[in-house]
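Taking our numbering as reference, the numbering of the sequence shown is continuous, increasing by one, and the terminal residue is 957.
All C-beta atoms in this analysis are idealised placements derived from N, C-alpha and C, irrespective of residue type, glycine included.
One structure below.
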Amino acid sequence: MEQDKWIENVLNSTNGITKVAPNELLFSKIEKQIQENNRNSRSTLWLVAASVTLFLSLSVIVFQLSSFSKKEKTSTFDEQFTINNQLYK
């Protein structure tokens, strides 16, 4: 019972608080700084996106080249195997 009263008092403790108005000059400086930071973060975001795209493109190209060279090696082994029908020399 006493704990419920304490909880109720804590919840109602903010009822009489009034909102404080910030200093207009300070508030405008803070807003300006936030907007500048947003511009910087957007350019950083584009840079990261371009880097990821470049990395993925290069990865796909390297993967395709490596699979192409594997196909060439496999085809030469198959050709040798079918010509003499011996697995070991």
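With DSSP collapsed to three states, give me the class of Ile902. The three-state secondary structure of Ile902, taken from DSSP, is helix.
Glu846 versus Gln903 - alpha carbon distance: Nothing in the structure corresponds to residue 846, since the chain is present only between 869 and 957.
From Phe931 to Thr921, what does the alpha carbon distance come to, in whole angstroms? When rounded, the distance between both Cα atoms is 15 angstroms.
Identify whether Lys897 lies in helix, strand or coil by the three-state DSSP scheme. Looking at Lys897 - three-state DSSP - the assignment turns out to be helix.
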